[in-house]
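The structure appears below as structure tokens.
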Amino acid sequence: MPERSPITSADLSGLPSTIAADLVEASTCYDAGAYRAAALLARRAVEQVVVMRGVPLDMSTLHQKLVWLLRSRHLPAALVDSARTVREIGNAASHGAEAVTRDEAKSMLLASLAVVRRALPMTPE
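Laid out in structure tokens, this is it:
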């Protein structure tokens, strides 16, 4: 039986509904053992935040968008490891041929949640 998602409903409190919906769906996928889908939905939640923060249109890759979040101080330097996890696992889920493992999906969910919560302007630090 797959492990339960590390994201709880309390973690989603105060998030915009579209982002919370993606993270709920990511959690549901994780609970069902659909780890690639969980990682892709978590990536989509982060991409929504980047757009909300006003990423320039020429920042087209996930790497560029995450670097922009950090350099523009929408995301504190303390979360560089979380941003790296989102980039590595998010890209692997999106472009890779290998399966996403349970541990990778769990890391992606936790890292995405950290990035989302800290990068949104209405989220307290």
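Mapped onto the working numbering, the consecutive letters of the sequence shown carry residue numbers 124 to 248. We treat Cβ as the ideally placed atom computed from N, Cα and C, and that holds for glycine.
CA-CA distance, E248 and R241?
If you number the sequence shown from 1, residue 248 lands on position 125. If you number the sequence shown from 1, residue 241 lands on position 118. Unreliable placement is indicated for E248, whose pLDDT of 45 sits below 50; no coordinate value is reported for it.
Burial state of R194, where buried means 16 or more other Cβ atoms lie within 10 Å
In the sequence shown, the residue the question calls residue 194 occupies position 71. Looking at its Cβ environment, which holds fewer than 16 other Cβ atoms inside 10 Å, R194 is exposed.
For the region 201 to 208 against the region 226 to 238, are there 3 or more C-beta pairs whose distance is under 8 Å?
yes
Within the same chain, show all residues whose beta-carbon is closer than 8 Å to that of E170, passing over the 5 residues directly before and after it, in chain order.
On the sequence shown, position 47 is the one that residue 170 refers to. Hits under 8 Å: L185 and K188.
Between the C-alpha atoms of P199 and R176, what's the straight-line distance to the nearest angstrom?
If you number the sequence shown from 1, residue 199 lands on position 76. If you number the sequence shown from 1, residue 176 lands on position 53. Going by the C-alpha atoms only, they are around 14 Å apart.
On a CA-only basis, which of S128, V174, A222 and L180 is nearest A155? Give me that one, please.
Sequence index remark: in the sequence shown, residue 155 carries index 32 (1-based). A155 has its Cα closest to that of S128, out of S128, V174, A222 and L180.
6 Å Cβ shell around M182 - same chain, five flanking residues per side excluded:
Counted from its first residue, the sequence shown places residue 182 at position 59. K188 and W191, listed in sequence order.
Can you grab the Cα-Cα spacing for the pair A157 / I142, in whole Å?
Start at 1 with the first residue of the sequence shown, and residue 157 comes out as number 34. Start at 1 with the first residue of the sequence shown, and residue 142 comes out as number 19. Near 19 Å, if we compare the C-alpha coordinates of I142 and A157.
Please go through the same chain and pick out, in chain order, the residues whose beta-carbon is closer than 8 Å to the beta-carbon of S230, but skip the five residues on each side of it.
On the sequence shown, residue 230 is found 107 positions in, with the first residue counted as 1. Around S230: T208 and I212.
What first and last residue would you give for the alpha helix (DSSP H) that runs through E126?
Within the sequence shown, residue 126 is the residue found at index 3, counting from 1. Looking at the DSSP string, E126 is not in any alpha helix (DSSP H), and its letter there is neither H nor E.
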